[in-house]
Amino acid sequence: MYVAVKGGEKAIDAAHDWLAKERRGDRAVAELSLAQIREQMSLAVNRVMAEGSLFDPDLAALAIKQARGDLIEAIFLIRAYRTTLPRLGASRPVDTGAMRCDRRISATFKDAPGGQVLGPTFDYTHRLAGLQTGGRGGRIRGRVPVCGDATDEAVPKPRITDILGRDGLIQDEPPGEAEPPDMTRAPMDYPAGRALRLQALTRGDEGFLLGMAYSTQRGYGRNHPFVGELRIGTVEVEMEVPELGEAVCVGELTLTECETVNQFAGSKIEPAQFTRGYGLVIGQTERKAISMALVDRALRWEELGEEDSGAPAQDAEFVLGHADNIQATGFLEHIKLPHYVDFQSELELVRRMRAEAAREAAE
Amino acid sequence: MVDGTTGIEARKGWMGLLARARPARLAELLDTLGERPAHAWLRAPEVGGVMVRGRMGGTGAPFNLGEMTVTRCSLRLDGGEVGHAHVQGRGKAHARDAAMVDALMQGSRASQVRAAVIGPLEAEEDARRQARAARAASTKVDFFTMVRGED
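In order, the protein sequences belong to chains A and B.
For the first sequence, the working numbering gives the first residue as 1, with consecutive numbering after it.
For the second sequence, the working numbering gives the first residue as 364, with consecutive numbering after it.
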């Protein structure tokens with residue numbers, strides 16, 4: 001049993017004072033503005049929004065600054081703030097097919113209709129620290145002119161899975177309009193349906209999901225994924241506004257979507273078909289979206305009639321129960337707080353057992 | 364894009380445009396109309412969260428993706444026109460300005476407001492999107508599969 005302690009107010013105040021000074025760092029160095037963090041540390045901002053489960057770049061930038069760059073601490077701040085917000089409603093499901101893509105690639109079709117658009121990617125960079133350019137990247141030659149035709153990109157890009165779907169080569173995504181469960185409103189419920197699993201995965205820790213996804217690639221619940229399509233861009237969010245009785249656009253956000261094409265299922269009755277994994281994450285968060293798609297696919301073993309190979313990534317309770325870094329860090333970090341009374345009782349127990357053992361040995 | 368010039372479709376168009384607009388730019392354009400009209404709150408600005416939904420596999424049944432911040436308000440001008448706003452982010456002034464434009468667009472000054480506020484916002488958003496699309500188009504690639512020289 002945990003027994004609380006009290007006291008130490010002065011020391012705590014002094015510690016927080018010092019924290020504020022350390023947060024500011026050397027005063028001879030200019031202070032970071034929130035806009036600088038938002039614009040120049042944008043992938044950190046994106047990660048904090050995705051795992052904080054709240055799209056608000058200014059707020060995420062503030063959280064990163066307040067947390068001294070500790071992203072899990074920043075995510076914690078976002079989650080805590082989120083709980084103070086009244087829920088104004090739920091959006092219509094966003095149409096990622098109509099996404100204004102900054103990036104859109106397919107690893108399955110070289111000549112993907114709609115084209116392969118690289119966008120602002122680290123891919124094909126040399127991963128050389130830019131010592132001459134002070135971190136501005138490896139490019140010291142002149143800039144490449146913007147020469148593309150914007151009209152090409154204004155047309156919605158067809159989904160790769162739709163192309164496979166036309167020939168029946170990939171499983172259909174069953175349509176539906178059922179009200180999805182919401183883990184922020186009701187406790188997790190197992191067995192978890194796919195809607196609940198996807199919500200837990202999209203806000204889960206990137207590192208944890210990356211490890212889980214990697215484990216499937218290394219053979220623990222192997223499902224042979226190809227990245228059918230990866231797209232990053234903006235979508236409009238529409239919500240029913242009661243005053244109008246119509247759905248109105250309430251804003252726009254950046255999303256990353258990954259659709260994987262996986263090893264096929266089939267039987268004597270049904271011809272072979274590819275299966276799907278799906279990742280959709282707030283912000284430009286490519287590694288996370290791919291990881292999510294792989295883990296989503298691994299967790300679908302039962303509905304696809306596959307065998308449970310006992311792999312960790314196939315165990316929904318294990319994956320979903322450990323993917324949340326705020327839950328995890330809360331439980332993990334609490335063990336550093338005073339447990340004096342607990343420990344005292346354990347100490348007495350061990351002393352008594354040792355005394356008894358010594359007595360028995362002497363007899 | 365604001366399609367149509369009257370009716371609910373047009374209103375939805377400008378409400379979305381105002382929701383996505385940069386708050387400072389909207390305020391600046393609204394200022395060009397002169398003094399802000401007097402108004403009474405029907406609902407004072409309130410910051411909240413909207414749960415954004417996606418679809419499984421992009422086209423299947425919905426699931427909850429995560430929230431976004433949205434500020435809403437409703438007001439009535441002295442002339443009786445009612446304006447509503449749901450705007451992205453936590454800007455109460457942004458929501459007020461958007462609701463004010465929505466109300467003005469229903470009154471006698473509609474065409475003036477369209478020319479001074481809606482038109483420029485539309486053009487600027489369009490230009491931003493075009494510029495981004497052109498940048499994306501510059502990164503379009505053609506991959507070639509190499510023939511392996513085995514023979």
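The beta carbon of each residue, even a glycine, is placed where N, CA and C say it ideally should be.
In this text, all values refer to a predicted model and were calculated from it rather than measured experimentally.
- A direct Cα-to-Cα measurement between residue 218 of chain A and residue 298 of chain A gives close to 13 angstroms.
- Rounded to the nearest angstrom, the gap between the Cα atoms of residue 291 of chain A and residue 80 of chain A is 26 angstroms.
- Each of A/301, A/111 and A/258 was checked against the Cα of residue 287 of chain A, and the nearest Cα belongs to A/258.
- Ranked by how close their Cα comes to the Cα of residue 486 of chain B, the residues B/372, B/380 and B/374 have B/380 in first place.
- For residue 470 of chain B, the nearest beta carbon of chain A is not closer than 8 angstroms to its own beta carbon.
- Closest in C-alpha terms to residue 100 of chain A, from the list A/56, A/252 and A/37, comes A/252.
- With a beta-carbon spacing of about 6 angstroms, residue 154 of chain A and residue 496 of chain B fall inside the 8 angstroms limit used to define contacts.
- By the Cβ rule, the region 468–487 of chain B does not count as touching the region 85–99 of chain A, because fewer than three pairs are nearer than 8 angstroms.
- Within the region 84–104 of chain A, contact with chain B at the beta-carbon level (separation under 9 angstroms) is assigned to 85, 86, 87, 88, 89, 90, 91, 92, 93, 94, 95, 96, 97, 100, 101, 102, 103 and 104.
- Spanning the alpha carbons of residue 124 of chain A and residue 401 of chain B requires a straight line of approximately 57 angstroms.
- Collapsing the DSSP output to three states places residue 269 of chain A in coil.
- In the three-state reduction of the DSSP assignment, residue 161 of chain A falls in the helix class, which pools H, G and I.
- Identification of chain B residues near residue 278 of chain A by a Cβ-Cβ cut-off of 8 angstroms yields 419, 420 and 421, ordered along the chain.
- Excluding five sequence positions before and after residue 34 of chain A, the CB atoms of its chain that fall closer than 6 angstroms to its own CB belong to 61 and 62, given in chain order.
- Sequence-distant partners of residue 440 of chain B (beyond 5 residues in either direction) whose C-beta falls short of 6 angstroms from its own C-beta, in its chain, are 400, 402 and 466.
- Under the 10 Å beta carbon count, residue 281 of chain A is surrounded by 16 or more other beta carbons and is classified as buried.
- Comparing alpha-carbon positions, the option among A/137, A/7 and A/22 lying closest to residue 40 of chain A turns out to be A/137.
- Not a single C-beta of chain A is nearer than 8 angstroms to the C-beta of residue 474 of chain B.
- With respect to the C-alpha of residue 309 of chain A, the residue from A/24, A/284 and A/222 having the closest C-alpha is A/222.
- For residue 55 of chain A, same chain residues with a beta-carbon under 6 angstroms away, outside a window of 5 residues either side, are 49, 253 and 282 in chain order.
- Within the region 110–127 of chain A, contact with chain B at the beta-carbon level (separation under 9 angstroms) is assigned to 110, 111, 115, 116, 117, 118, 119, 120 and 121.
- In this structure, DSSP gives residue 214 of chain A a helical state, which the three-state scheme calls helix.
- With the criterion set as a beta carbon lying under 8 angstroms from some beta carbon of chain A, the members of the region 482–503 of chain B are 492, 493, 494, 495, 496, 497, 498, 499, 500, 501, 502 and 503, in sequence order.
- Residue environment for residue 324 of chain A: buried (at least 16 other C-beta atoms within 10 angstroms of its C-beta).
- Fewer than three pairs of CB atoms, one per stretch, sit closer than 8 angstroms, so the region 381–395 of chain B makes no contact with the region 418–428 of chain B.
- By the Cβ neighbour-count rule, residue 249 of chain A is buried, with 16 or more other Cβ atoms within 10 Å of its own.
- Sequence-distant partners of residue 317 of chain A (beyond 5 residues in either direction) whose C-beta falls short of 7 angstroms from its own C-beta, in its chain, are 190.
- Within the region 374–392 of chain B, contact with chain A at the beta-carbon level (separation under 7 angstroms) is assigned to 375, 378, 379, 382 and 383.
- Any Cβ of chain B closer than 8 angstroms to the Cβ of residue 271 of chain A would place that residue at the interface, and such an atom is absent.
- Runs of the alpha helix (DSSP H) lying entirely within the region 426–467 of chain B, each at least 4 residues long, are 455–467 in chain order.
- For the pair residue 409 of chain B and residue 104 of chain A, the Cα-to-Cα distance works out to about 37 angstroms.
- Here residue 503 of chain B carries a strand assignment [DSSP, helix/strand/coil].
- Within 8 angstroms of the CB of residue 209 of chain A, no CB atom of chain B is found; the nearest one sits about 15 angstroms away.
- The contact set of residue 424 of chain B on chain A, defined by CB atoms closer than 9 angstroms, consists of 93, 173, 174, 175, 176, 177, 178, 180, 194 and 195 in chain order.
- A contact is defined here as three or more CB-CB pairs under 8 angstroms, and the region 235–249 of chain A fails this definition with respect to the region 205–218 of chain A.
- Residue ranges of uninterrupted alpha helix (DSSP H) with 4 or more members, entirely inside the region 61–101 of chain A and ordered along the chain, are 71–82.
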